[in-house]
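A short write-up of the structure that comes next.
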Amino acid sequence: MAPSAPSGSYNTLLRAVASKLLTESGHPLHHLHHASSSDIREIVHHLLVIRPPPDDSDDNKQEEELYTQVDALLRLELQHRKTIVDAHDLPSVMSASSPDARGFDQIALWKGDITTLKATAIVNAANSALLGCFQPSHKCIDNVIHSMAGPRLRAACHDIMTRQAREEAVGNAQITPGFALPASYVLHTIGPQLRRGAQPTAAERDQLASCYTKSLDLLLKTVGDEKVSVAFPCISTGLFAFPSDVAVPLAVDSVLEWLSTHHDETRGWKVIFNTFLKRDYDLYKTYIESKCPGSVELPPAPVSSALQSAAQAIQEADYLLVAAGAGLSAAAGLDYTSEAVMRQHQEAPTYDFLKSIVNAFETRNSGSAFVKTSNADGMFEQEGFDTKSVYIMQGEYGRIQCSRPCSEDSVWSSRPFMEKALKSFNPETYRIEDPAGMPRCPKCGGKMFLLLRVDDSFLQSALEEGRVVYDKWLMEVLNHVRNDGKKLAILEVGAGFNTPGVLRLPNERIAYTDGVKLIRVNPDYPEMPFQSHGVGVAEDANAVLEYISHNVQAKSNAEPVKMEQQPTSTEAPEIPTTTTTASTEAPVRELRAGEAPIKKEFLKPKPTPKPATPADAEAGDAVKATKVKDDRDREGGKKKRGGTFKKRPVDAEQDPADMLCRPAASGEGCQFGDSCKFSHDVDDYMKRKPKDLGERCPVFDVVGYCRYGMACRFAKAHIEKVDGTYRNMKREGYVEGQDLADEVNDLTHDLRLKLRKDTYDFQSKQQMKKGKKNDKKRQQKNEKQEVKPETDAASAPAADVKTDSAPVETETETGDATMEPAAESPLLAERKPVDFKRKIYIAPLTTVGNLPFRRLLKQTGADITCGEMAMATNLLKAQQSEWALLRRHKSEDVFGVQLAGSFSDQMARVCELLARETEVDFVDINMGCPIDIVCRAGAGSALMTRPPRLLEVVSGALTGLELGTRMRTGGTVNTPGLTVKLRTGWSDKQPTAHKLVPKLQSVRASQAYVNAAVVTADFKLRATQSVDAIMVHGRSRLQRYTKNADWDYIFQCSDAQQDRIDDKDMPSVPFVGGGDVLSYEEFDEHLANGKLDTCMLARGALIKPWLPTEIKERRHWDISASERLDLLKDFVRFGLEHWGSDQKGVNRTRRYLLEWQSFLCRYIPVGLLESLPQRINDRPAPYYGRNELETLMASDQAVDWVKISEMLLGPVPDGFQFVPKHRANAYTAS
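Under numbering that gives the first Met the number 0, the first residue of the sequence shown carries the number 0, and numbering increases by one thereafter.
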């Protein structure tokens, strides 16, 4: 057995093991910095599975150290994973006193996890190499046993195979210790492997019987005739395809015969037949009972607590939504890899069980059940389900479409085309031999393909009718759930991770709602996020559906689902009883320029103007006299200092928690004791504390501990009073520091001190330029203005405050820093650039593009995210608020940060700092920011007017990234990428971006920025990295957010790239466009000509945070108001996790929620539009929604946004006012 476990926490041990495995496999360790414990455990599992056994050259000491740590880790997991089952406590199928015992008194039948069995030995169904399965995702028993036993097991098997120098024979067995398993030994036996669907030969039957007898012979030889227990799994019946109904009799008969032969030696033995699936348990039960009719009556297979909970949830539900994935048809035997299995699928009762469950709801309450499926096989229609209540999401084999397609209605039934094709089909060559038999489009004569979502040619419109019916059904059901206390059960069967955005993730979002429970049936992936209500059942779909169908009768008091929508407000006009898909034809009524085409029946009546009075006229004159463009006061022709955001939300003036000692509030001792300047009187605070906001604390739910303790606004979830003392609870299994593990890129205390004391060992040098006496003063003056600027995506468009001319360049740009290209080193490994090709990229969004919002966008399908713009000078000064903009959540798998700066040496230093101290995939230099304070400092859009300095800044950034990566890793393979963000130019009359593109293509790192004082003289930069992407926003600096984005000019900029510059071949740089993208149609349209790699989503993502889903699924999502409210709930939960669940965290979360709602209110529901898509600058006339919540969310009044925030975060303080910080949420002035 392995040595005893070393001391230390589980999390520390886990990270130590992960570090060793990553290091020895050549992977970087930065994966661990922003990974949770569960993520790290998955990494460890994968690396152990693929890790080869040691050879003679390996360091025995290091190998033993790793083994010891893994053993300790596995034992800790085993203690907390499941209850260990003692094999000797399992009841035999027959009493020893029975006259018919004949060995049955030494046999037990058990359904469970064999790795939790405390036995003398367990049997592993191995392969002939005996080294385990090297595929991490495999669920075979060989993989499971090796994973739970640890790497010593593979090493022991390797020793056996090395000694015998040949593969193990089928039917034979070998024995090794159990190592980290509860079992003392593992018997490895090799079963016969059949072709799926084939029947075993006599030789293969003998080989399977030999597996059992040889294993027992070997165990008897090893342990003797003492008290022994051994567990056999179902050998060869899984991936090796031995039919279970043949294997079970062979197994039972072979064991009984062996026990009879060795009766005297094995009196104290017990042989357990272990099964995982219910159908295998039933086969054993039936056969054993048939061997002793009347003498043996085994209990049915035990029902897991998860399955019982699932059945109870459906029993208590008023409505049922079935979500069927590919696993459902697989469970029914619809296997395209085997004709034999395919022929049997009609006998599988899978759909019969499911239909029985659906009918139980339908017969009592018409319309209370609905099916949505990603399967295209047509089984629901074939099995007699009501097709009016089935939404097919991904296409149908039963229909065929034009591959081009030539029109929206180029869809037909597949049958006549298939019948024609089959006449010339050769079953031996699998080819249609007569070209005339190939399906051709009746309209255009083009090629045809089945109606399946496989590429951009898929005709989504063919499925729109089903989607509309499903959306209406779900909306109506959720209204009953929220308003009438009804319950909805979602029965999800066989939905995996091939396309999680189709079934799994939407179901999880629906299950956030109280009153909704998700039953996830999936043997491999039953897990659900904590915030979803429901249960995961890791069992065979047939067994689950059979149990539910036999044990559930639907309730008969559910409200019938009506498709009619009644207006909820007495002021709203009557709304039609049906909502159809918006037409793409031109609207009938005439619209004003810039007006959104809302259906007439939803428009609010125009208010009747009141007759003007002299007092009104005087008041109007007064307003006109005081109003100034851009709402800014003027003093002598200058803007009044102080900005416009006067009424931004502030923290409560007298928060009782302000004077409470935080360590005391969290239940920890205060190191200052009585001398602490804060109060330790927790009882007094609890009396004055406002009422909690909810029953569940978001921080505690995620982490298992809330560091805010009594100060938390959800404290009742984790505070208990014992003997008069308040205690802040920790959930079992909580690991210290786990509450900070989900986010990275902190400004550490040591780094802050080094930066502020100017002792950080930068490898890039700081340059002072000669002949510029006023530069330093000018720079200091600019640095004093620490007002936070805005980035492109959410900055205020002050179209009326314009500077007619660009900054004048009056000085030489090069100074002392001559940009000599560094020496190239072709021997170094190539780095992999950031891949933007057709990725969903969320552009940086000041204030509203915070970490919780980016988490939400990752949830809806974003691929690449970027933090808010940070000023280079403030980062170098270790300003905490600026460093907070760099924080990254673990879900952001491709993440960048955006910088603004005007000095090349500063940019070199800050990029070096980021490469060394943070986890980022790319750095984006914002050369398009239009804000005055940024431009006056020479950064942002001002750089576009000074090309030499612009190129110096980019060269400095490339140098800093390379230097920082070398300092961190010793190489450049993992160097963060660099992207450049431009506008069209300073003025739309003189665009300049196209002139800068070829220059940006050729710019590289420069030795001029390397600090020779700390870098050795022979050091040479690689200098082969160019910018990873050039991004162009289709407006000028002066336009800000007025007018529409100029996409033709963006394409012109992409065309400006050159193949050769200065007689050097230039690789093409990925090109990204941005501006006004609000629908998948616009996204696809901009990428259609192939000139762009992707489009940035900025304001469009704020207005429609589900836009990534629409783009990936290529559809207009008529999202309901309740679903949009669920997104707000997600944001609030993420915000409380990030900013804190105390009062300050609640206030900050509310502030950013309100800022976001100033954009979100601009969304117009799809069902209300006369034509699609909605354009970002189209202003809607006042309108009613289809229900009260939709009307409220359409309001552009801050008072209504505050009402929505109160639904999620409780009431606001008295006198609370809110004015949006940004004016980029305003419509363009027409």
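Glycine residues also receive a C-beta, built at the ideal position from the N, C-alpha and C atoms.
DSSP links Met926 through a beta bridge to Leu981.
A distance below 7 angstroms between beta-carbons, with the five flanking residues on each side excluded, links Trp1138 to the following residues of its chain, in chain order: Gly1144, Arg1147 and Thr1148.
Residue state for Val1218 is assigned as coil, using DSSP reduced to three classes. Going by beta carbons, Ala120 and Ala148 fall outside the 8 angstroms limit. Excluding five sequence positions before and after Phe424, the CB atoms of its chain that fall closer than 8 angstroms to its own CB belong to Arg430, Ile431, Glu432 and Gly436, given in chain order. When DSSP states are grouped into helix, strand and coil, His187 belongs to the strand group. Look at Thr758 here: in three-state DSSP terms it is coil, with no helix or strand label. Rounded to whole angstroms, Val251 and Ile287 show a C-alpha spacing of 8 angstroms. As the crow flies, the alpha-carbon of Ala325 is around 6 angstroms from that of Asn374. For Trp1155, the enclosing alpha helix (DSSP H) begins and ends at Gln1142 to Leu1159. In the DSSP assignment, Trp109 falls within the beta strand (DSSP E) that extends over Ile106 to Lys110. When beta bridges are read from the DSSP output, Thr175 appears opposite Val185.
The C-beta distance from Pro1066 to Ser1157 rounds to 42 angstroms, too long to fall under 8 angstroms, and the pair is not in contact. DSSP, read as helix, strand or coil, puts Glu694 in coil.
Between Glu491 and Val520, the gap from beta carbon to beta carbon is short of 8 angstroms.
Listed in chain order, the non-local C-beta contacts of Gln68 below 8 angstroms within the same chain comprise Pro5, Leu12, Ala15, Val16 and Lys19, local neighbours out to five positions each way being set aside. Per DSSP, the continuous alpha helix (DSSP H) segment holding Leu219 begins and ends at Ala201 to Val222.
Judged by DSSP secondary structure, Glu1109 falls within the alpha helix (DSSP H) whose first and last residues are Leu1106 to Glu1112.
Here the C-alpha atom of Cys660 lies approximately 35 angstroms from the C-alpha atom of Asp1125. For Glu867, the uninterrupted beta strand (DSSP E) run begins and ends at Ile863 to Met870, by DSSP. Comparing C-alpha distances from Ser209 to each of Ser243, Gly170, Ile49 and Lys756 shows the shortest one belongs to Gly170. With a contact defined as Cβ atoms closer than 8 angstroms, Arg398 and Ser409 miss out at about 11 angstroms. DSSP, reduced to helix, strand and coil, places Asn123 within a strand of the structure shown.
Scanning Arg508, Asp523, His479 and Leu473 for the CA closest to the CA of Asn497 turns up Asp523.
DSSP places Arg1132 within a helical segment (H, G or I) once states are collapsed to three. Proximity of the stretch 261-268 to the stretch 230-242 falls short of the contact definition, fewer than three beta-carbon pairs being nearer than 8 angstroms. When the Cα atoms are used, Arg982 and Val1002 turn out to be separated by approximately 19 angstroms. Annotated three-state conformation of Cys1052 is helix, per DSSP. Going by beta carbons, Leu319 and Ala368 fall inside the 8 angstroms limit.
Annotated three-state conformation of Gln400 is strand, per DSSP. With respect to Tyr733, Met709 sits apart: the two C-beta atoms are not nearer than 8 angstroms. In the displayed model, Val534 falls within a strand according to three-state DSSP. DSSP places Lys269 within a strand segment (E or B) once states are collapsed to three.
By DSSP's assignment, Met1030 forms a beta bridge with Lys980 and Val1071.
Here Val551 is not near Ile841, since their CB atoms are 8 angstroms or more apart. Contact annotation: Tyr1151 and Lys1103 have beta-carbon atoms that are not nearer than 8 angstroms.
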